[in-house]
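There are 2 protein chains.
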Amino acid sequence: MRQNAEKSGPKKPATMRDVARHAGVSVATVSRALDGSSLVTEETALVVRRAVAKLNFVPNISARTLKYGQSHAIGVIVPDLTNPFFSEFLREFEALASANGQVVLLANAEASVGGALTSVRQLLMRLVDGVVVLPSLDELEPYQLLTLRKVPTVAIDSRRTGPCFSDVSLMHEEGMRQAIGYLKDLGHRKIAFIGGSSGLMISKLRLDAFQASLKMHGITVRHEYVRYGNYRADGGDRELRNLMLLADRPTAVIGVNDLTALGALRAARTLNISVPNEISIVGFDGIELDDLVSPSLTTMSVSRKLIAQSCHGALEEMRVGRNGLGRQLYIPVELIVRQSTGRPLRKMTKSR
Amino acid sequence: MRQNAEKSGPKKPATMRDVARHAGVSVATVSRALDGSSLVTEETALVVRRAVAKLNFVPNISARTLKYGQSHAIGVIVPDLTNPFFSEFLREFEALASANGQVVLLANAEASVGGALTSVRQLLMRLVDGVVVLPSLDELEPYQLLTLRKVPTVAIDSRRTGPCFSDVSLMHEEGMRQAIGYLKDLGHRKIAFIGGSSGLMISKLRLDAFQASLKMHGITVRHEYVRYGNYRADGGDRELRNLMLLADRPTAVIGVNDLTALGALRAARTLNISVPNEISIVGFDGIELDDLVSPSLTTMSVSRKLIAQSCHGALEEMRVGRNGLGRQLYIPVELIVRQSTGRPLRKMTKSR
DNA sequence: CTCTAAAATGTATCCGGTTACATGCAAACT
DNA sequence: AGTTTGCATGTAACCGGATACATTTTAGAG
């Protein structure tokens with residue numbers, strides 16, 4: 001009793017029946033005592049709780065999941081954890097989930113072949129209560145599988161809703177209008193855009209918003225000012241260099257996300273092109289890094305916390321009231337002006 | 001048959017028995033057919049696979065977990081996802097896990113009271129195959145619980161091993177020796193250190209290494225040159241300002257991690273203190289950002305991939321061969337010299 | 001054509017927590 | 001005393017996949 005409360009090695013975790021035996025009651029009583037809620041003598045409950053403590057009993061969630069068909073786990077499909085936008089989102093979302101007694105199952109979408117589909121299948125096997133799809137996938141199959149199973153799903157920027165499928169979209173159009181209006185007011189007319197890989201939804205949405213906003217402000221859209229990066233800094237770096245090779249250089253450039261813009265910023269620095277005098281740079285996301293670089297990055301910021309809350313809320317709503325259709329939510333975008341933008345230098349340029 | 005292969009809404013996912021019925025065989029046959037391995041006619045297997053496809057059957061992992069007591073899930077306890085060091089690690093680790101058919105269960109350690117303990121309990125309930133503890137927790141209780149359950153665990157920089165408990169440590173001492181040797185060669189004698197919150201293991205280890213290395217190089221340790229931040233940029237920013245208030249300023253400062261150093265870099269920029277002329281700054285981690293700022297950050301870099309591989313390897317080793325003791329692994333640290341370090345300005349200073 | 005061995009398939013049970021239903025037992029009322 | 005009410009507890013079945021063991025089918029040998 002002194003040195004080894006349990007005999008030898010507790011290889012197998014204690015089960016409820018072990019607790020029941022130890023407490024001299026039945027499993028049902030143990031279960032009820034642990035629920036706290038129901039009808040068990042305080043006395044009995046105490047005995048049970050003591051047995052639980054002594055045996056270090058931890059309930060086996062699989063058994064519960066098996067019975068109820070839900071695991072209190074939420075799958076999150078992330079394209080690239082390295083992107084601060086996603087990791088910042090994940091932190092917020094995880095906090096919400098764990099406050100709700102749910103755990104987060106991480107699934108990567110970058111795995112080679114059929115990555116997303118495999119991830120989705122993994123999540124389905126584990127009977128997740130819901131799924132968050134962070135990049136909007138272009139493939140439809142993973143979505144269909146989720147819908148078929150009626151697993152509450154929320155996607156970011158998919159601009160699509162359906163049964164058990166909600167969407168949380170950023171107001172790109174609004175943000176882009178602000179940003180371009182701001183640049184125009186500063187005197188910019190030659191504004192370029194560095195997107196992500198051309199196919200992806202998010203890049204397309206932001207590019208569309210970019211072009212629409214230019215038109216709205218009466219600025220001509222020039223195809224040579226539209227480039228495609230990769231959502232990472234090196235893509236932004238590369239494409240800014242390409243833009244600088246043009247005879248008629250843009251005076252401002254907008255990145256599809258902050259990493260792209262930060263890459264562009266670095267390229268400008270390396271090329272000894274002054275920011276914002278020779279070129280203004282604007283990002284999109286509002287990651288914490290923006291304020292760590294010099295000049296700090298002007299960006300269209302969107303609250304990660306709000307996105308996370310919206311996603312979690314939408315999932316819960318679909319989960320509890322299994323009433324078919326999902327929701328379409330919009331998240332505001334706010335232009336944050338920092339040091340990477342300013343008036344363009346008035347120097348001789350071909351008037352086009 | 002045309003418009004609705006399954007009648008009405010497939011509320012409940014198809015089970016193996018559904019597949020068996022549909023294929024006109026028994027559950028055992030279905031199970032074997034899906035294993036592929038065993039003794040089933042190719043013909044039968046085909047019928048089964050067709051039924052699986054038609055019913056969109058996905059096995060229920062909980063049932064398997066219940067039977068075997070292992071879930072093919074690995075818990076990762078992270079202190080702050082926002083720190084690129086952790087998110088970069090997580091990306092690498094997730095890739096390894098998913099290549100091994102495991103999923104990653106995210107657990108945060110920042111949750112208010114008893115955060116880590118609650119997280120650990122959650123993971124135990126889910127019968128994780130292993131746990132990675134990223135920050136070395138100072139509390140012992142969570143560890144004890146894991147050890148009691150014989151869940152393979154690997155911690156970073158805990159410098160402690162035991163039954164079912166491995167450690168992966170960075171070679172701080174080695175890195176610090178390199179860094180300080182390098183700074184000394186440049187002519188620095190007044191070197192400061194900005195740690196994290198004073199109590200935490202990782203800060204303590206690096207501070208100890210810092211002080212030991214200074215001594216080794218015959219440089220006196222000055223207590224006013226040791227400050228405590230918070231592992232984030234704002235802490236580094238704040239503490240660099242404090243250091244600059246000293247009458248006898250240091251000429252170089254080493255951050256406990258890169259975020260701290262980047263914060264210090266920003267503070268120097270804001271204060272119009274030239275880096276590296278007036279102050280050299282060195283970080284620790286080697287995050288991708290280091291190259292995005294200007295001047296780019298000199299740092300003691302450690303391969304996230306190698307850490308992830310070591311962690312995963314150690315877990316697997318403990319899992320398959322349940323042979324008691326864990327391992328102690330060391331990860332090399334490499335000094336990467338960039339623009340934030342250089343010779344100190346030779347100007348009049350109080351000779352102390 | 002029969003018998004036997006091997007191959008293919010079926011049946012039933014286990015894993016552990018929950019809960020409908022059954023049982024027990026005491027106080028309260030007729 | 002007998003009976004009802006109601007609370008406390010026990011018993012057993014269920015969830016779904018795996019598998020030891022039982023049973024059937026098939027093939028090959030005599």
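Chain order of the listed sequences is F and A.
Going letter by letter, the first sequence gives residues 1 to 352 in full-length UniProt numbering.
Going letter by letter, the second sequence gives residues 1 to 352 in full-length UniProt numbering.
All C-beta atoms, glycine included, are put in the ideal place defined by N, C-alpha and C.
Following the continuous alpha helix (DSSP H) through aspartate 237 of chain F, name the residue where it begins and the one where it ends.
233 to 244
Is the stretch 123 to 138 of chain F touching the stretch 289 to 301 of chain F in the sense that three or more CB pairs, one from each, lie closer than 8 angstroms?
no
So that I know if they touch, is there some Cβ in chain F lying closer than 8 angstroms to that of isoleucine 61 of chain A?
yes
Can you look up tyrosine 33 of chain A in the DSSP assignment and give me helix, strand or coil?
Looking at the sequence itself, residue 33 of chain A is alanine, so the reference to tyrosine does not match. Reduced to three states, the DSSP call for alanine 33 of chain A is helix.
Give the secondary structure of glutamine 339 of chain F by DSSP, where H, G and I count as helix, E and B as strand, and everything else as coil.
coil
For alanine 45 of chain F and histidine 312 of chain F, which I take to be in contact (beta-carbon distance under 8 angstroms), what is that distance rounded to the nearest angstrom?
With a contact defined as Cβ atoms closer than 8 angstroms, alanine 45 of chain F and histidine 312 of chain F miss out at about 33 angstroms.
Name, please, each residue of chain F whose Cβ falls closer than 9 angstroms to the Cβ of serine 26 of chain A.
Within chain F, no residue comes near serine 26 of chain A; the closest Cβ sits about 21 angstroms away, beyond 9 angstroms.
Determine, using beta carbons only, whether alanine 33 of chain A comes closer than 8 angstroms to chain F.
no
Could you check how far apart the C-beta atoms of valine 253 of chain A and leucine 240 of chain A are, in whole angstroms? I think they sit under 8 angstroms.
About 7 angstroms; that satisfies the 8 angstroms criterion.
Can you say whether tyrosine 330 of chain F is buried or exposed, counting buried as having 16 or more other CB atoms within 10 angstroms of its CB?
exposed
Is the beta carbon of asparagine 108 of chain A closer than 8 angstroms to that of alanine 179 of chain F?
no
Whole angstroms are fine: how far does the CA of threonine 341 of chain A sit from the CA of arginine 269 of chain F?
The straight-line gap from Cα to Cα measures roughly 18 angstroms.
Enumerate in chain order the residues of its own chain whose CB-to-CB distance from proline 344 of chain A is below 6 angstroms, with the five nearest sequence positions on each side excluded.
Gly187, His188, Thr251
What's the gap between the Cα of residue 359 of chain F and the Cα of glutamate 278 of chain F?
Here chain F has residues from 1 to 352 only, and residue 359 of chain F is not among them.
Mind pulling the chain F residues with CB within less than 7 angstroms of methionine 244 of chain A?
Within chain F, no residue comes near methionine 244 of chain A; the closest Cβ sits about 17 angstroms away, beyond 7 angstroms.
Quick check for students: name the residue ranges of the beta strand (DSSP E) that lie wholly in the stretch 108 to 140 of chain F, counting only runs of 3 or more.
130 to 133
Could you name the residues of the same chain whose beta carbon sits closer than 7 angstroms to that of alanine 73 of chain A, not counting the 5 residues immediately before and after it, in chain order?
Gln102, Val103, Leu105, Arg126, Val128, Asp129
When you compare each of A:Pro59, A:Val52, A:Ser62, A:Asn83 to aspartate 285 of chain A by their alpha carbons, which one comes out closest?
A:Asn83
DSSP puts glycine 75 of chain F in a beta bridge; with which residues?
According to DSSP, which records beta bridges pairwise, glycine 75 of chain F is partnered with F:Leu105, F:Val131.
Taking CB distances under 8 angstroms as the criterion, tell me whether glutamine 3 of chain F reaches chain A.
Confidence at glutamine 3 of chain F is low in this model, with a pLDDT of 36, below 50, so its placement is unreliable and the value that follows should be read with caution. No, its Cβ sits nowhere closer than 8 angstroms to a Cβ of chain A.
Taking the alpha carbon of glycine 115 of chain F as the point to measure from, which residue in A:Ala99, A:Thr41, A:Leu123 has its own alpha carbon closest?
A:Ala99
Relative to the alpha-carbon of proline 79 of chain F, which residue among F:His223, F:Ile202, F:Ala308 has its alpha-carbon at the smallest distance?
F:Ile202
Measure the alpha-carbon distance for valine 282 of chain F versus leucine 262 of chain A and round it to whole angstroms.
21 angstroms
Taking a cut of 9 angstroms between CB atoms, which residues from the stretch 97 to 109 of chain A lie near chain F?
Ala97, Ser98, Ala99, Gly101, Val103, Val104, Leu105, Leu106, Ala107, Asn108
Which residues in the same chain as leucine 81 of chain F place their Cβ atom closer than 7 angstroms to its Cβ, once the five residues preceding and following it in sequence are excluded?
Result list for leucine 81 of chain F: Ser87, in chain order.
Counting C-beta neighbours from all protein chains within 10 Å, is the total for methionine 216 of chain F 16 or more, i.e. buried, or is it exposed?
Result: exposed.
Is alanine 192 of chain A close to chain F, meaning its C-beta is less than 8 angstroms from at least one C-beta of that chain?
Taking Cβ atoms only, chain F never reaches closer than 8 angstroms to alanine 192 of chain A, which makes this a no.
Taking Cβ positions, are arginine 149 of chain A and leucine 117 of chain A nearer each other than 8 angstroms?
no
Any C-beta of chain F sitting closer than 8 angstroms to the C-beta of threonine 65 of chain A?
Chain F has a Cβ within less than 8 angstroms of the Cβ of threonine 65 of chain A.
For arginine 338 of chain F, which residues in the same chain have their Cβ closer than 8 angstroms to its Cβ, ignoring the five residues on either side in sequence?
Asp290, Asp291, Pro295, Ser296, Leu297, Thr298, Thr299
With DSSP run on the structure shown, which of helix, strand or coil describes methionine 318 of chain A?
helix
Can you find at least 3 beta carbon pairs, one from the stretch 135 to 147 of chain A and one from the stretch 138 to 157 of chain F, that sit closer than 8 angstroms?
no
Does the distance from the C-beta atom of arginine 222 of chain F to that of glycine 229 of chain F stay below 8 angstroms?
No, these two residues do not count as a Cβ contact at 8 angstroms.
What residues of chain A sit near glutamate 239 of chain F, judged by a beta carbon separation below 7 angstroms?
Near glutamate 239 of chain F there are no residues of chain A at all, since even the closest Cβ is about 15 angstroms away, more than 7 angstroms.
With a threshold of 8 angstroms between beta carbons, is alanine 233 of chain A in contact with chain F?
For alanine 233 of chain A, the nearest beta carbon of chain F is closer than 8 angstroms to its own beta carbon.
Looking at the structure shown, is methionine 16 of chain F part of a helix, part of a strand, or coil, going by DSSP?
helix
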